[in-house]
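Position one of the sequence shown corresponds to residue 236 (the working numbering), numbered consecutively onward. Quick reminder that beta carbons are idealized off the backbone N, C-alpha and C, glycines included. One structure is given below, encoded as structure tokens.
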Amino acid sequence: MIYPIVLACERISNPFLMGAQMDVFLTGASGYLGGVITEHLLAAGHHVRALARSERAAERVTALGATAIVGDLATTEVLRAAAERADAVVHAAVDYQNPDMAALETLGLPAMLAGARGKPFVYTSTGLVYPDTAAAATEELPVDEATAAQPYKIAGERIVLGAAGVDGLVLRASLVHGRGGSGLLQGLAAMGRARQVVPYVGDGDQIWSAVHVDDLAELFVHAVEKPRPGRIFNATAADTFRLRDLAAAIAATTGAVAVPVSLEQATATAPALAVLARSVWLDGSRAVAEFGWHPERPVLLEDLSGI
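Here it is as structure tokens:
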């Protein structure tokens, strides 16, 4: 019988089928999410080679237990070589405040994908690619670069999913919290402390989804170990809240007051606050069903002590 022999040979040659240690090339490891992904990959027995664009970043990723690779998203030869050496690639580097991020993504992604043929490639995207909706967005909901809050992420998704010979998949993350929280939470908390107000737009009835950073990092490990080529997954827990409630909770934590503002007032304070005018409500059932992923850490409104 040929099939068992072929399968046995495949398992010997393919570490993904054996659950063996993998060499993972990770971008963004010195950042908030990437650092936690690094911890979880290492805890799962994998080796992490992490892109580090500065000496400080290299020290941080080395302290986590990863091997630092000096470079950035513009050093295309470094990116390609690191991807070629790896068993899998996770691209988690992001800087939403960097006006050059779209150009860097367009430059760096093809280089990494060229070195990742035949390997899992996990691309970190965001729920902000979806339009504003009155119901939870599933992965089938069309997205449009012309109207998305983060259009370059849609472009990045298409580059990854369209790359020939690469087992690319996309994780669209909801608002990430835990261990201090992501940039939006940190920014709102800073406003509360500095100005004694935490804004929400309009009536604050917008619905958002959230996921704890450790739960999200576990999903990245699943995605590396159990590739789903060509697939998109919403990366969110079953945790939803209204933005006025988030503002009130952050205000209570920082000794401030939650205040309704217009969209114009919000963006005059900080352009990034434009996202507060819309819902970012995601359906995460696909990731739960296909990966056996079970987010179980505290929900956002119960997890603000570290911001």
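Which residues in the same chain as residue i place their Cβ atom closer than 8 Å to its Cβ, once the five residues preceding and following it in sequence are excluded?
| i | result |
| --- | --- |
| V259 | L276, H281, H282, V283, R284, A321, D322, A323, V324, V325 and V459 |
| R414 | Y267, V271, V448, D449 and G541 |
Quick test of your reading: residue i and residue j, contact by CB under 8 Å. State the CB separation rounded to the nearest angstrom.
| i | j | result |
| --- | --- | --- |
| H412 | D538 | 6 Å |
| I394 | P345 | 7 Å |
| Y387 | A337 | 4 Å |
| R466 | L404 | 5 Å |
| V494 | A384 | No, V494 and A384 are not in contact; Cβ-Cβ is about 22 Å, not under 8 Å. |
| P530 | A472 | 4 Å |
If you draw a straight line from the alpha carbon of residue i to that of residue j, how long is it in whole angstroms?
| i | j | result |
| --- | --- | --- |
| P250 | K461 | For P250, the predicted model reports a pLDDT of 48, less than 50, meaning its position is unreliable; a value from the coordinates is still stated below. Distance between the alpha carbons of P250 and K461 is about 11 Å. |
| V304 | A317 | It should be noted that the sequence gives Ile, not Val, for residue 304. Answer to the nearest angstrom: the Cα atoms are 8 Å apart. |
| E374 | G270 | 26 Å |
| D335 | E525 | 35 Å |
| E294 | A309 | 20 Å |
| G400 | P506 | 39 Å |
| L451 | L268 | 8 Å |
| D379 | L339 | 20 Å |
| A279 | A381 | 39 Å |
| L261 | E274 | 12 Å |
| L478 | R352 | 42 Å |
| G439 | E290 | 42 Å |
| T504 | L396 | 37 Å |
| A398 | A390 | 12 Å |
Can you find the residues in the same chain that come closer than 7 Å, C-beta to C-beta, to residue i, ignoring five residues on each side of it along the sequence?
| i | result |
| --- | --- |
| L522 | In the sequence as presented, Leu is not what sits at residue 522; that position holds Ala. Counting only Cβ-Cβ distances below 7 Å, and skipping sequence neighbours, we find L454, F468, N469, A470 and W528. |
| T502 | L508 and A509 |
| A292 | S265 |
| I442 | T475, R477, S514 and W516 |
Can you list, in chain order, the residues of its chain with a C-beta nearer than 6 Å to that of residue i? Leave out the 5 residues immediately preceding and following it.
| i | result |
| --- | --- |
| A255 | none |
| A512 | V436 and L498 |
| P464 | D402 |
| D307 | R288 |
| L314 | G343, A346 and M347 |
With a Cβ-Cβ cutoff of 8 Å, do residue i and residue j count as a contact?
| i | j | result |
| --- | --- | --- |
| V515 | G350 | no |
| Y331 | G418 | yes |
| A408 | V456 | no |
| R532 | D449 | yes |
| L348 | T311 | no |
| L420 | S444 | no |
| G263 | G416 | no |
| G427 | A372 | no |
| F476 | L535 | yes |
| L286 | S360 | no |
Next item on the list: Pair every Cβ in the stretch 485-500 with every Cβ in the stretch 418-432, then say whether three or more of these pairs are closer than 8 Å.
Entry: yes
Check: Are the stretch 286-305 and the stretch 348-368 in contact at 8 Å, needing three or more beta carbon pairs?
Finding: no
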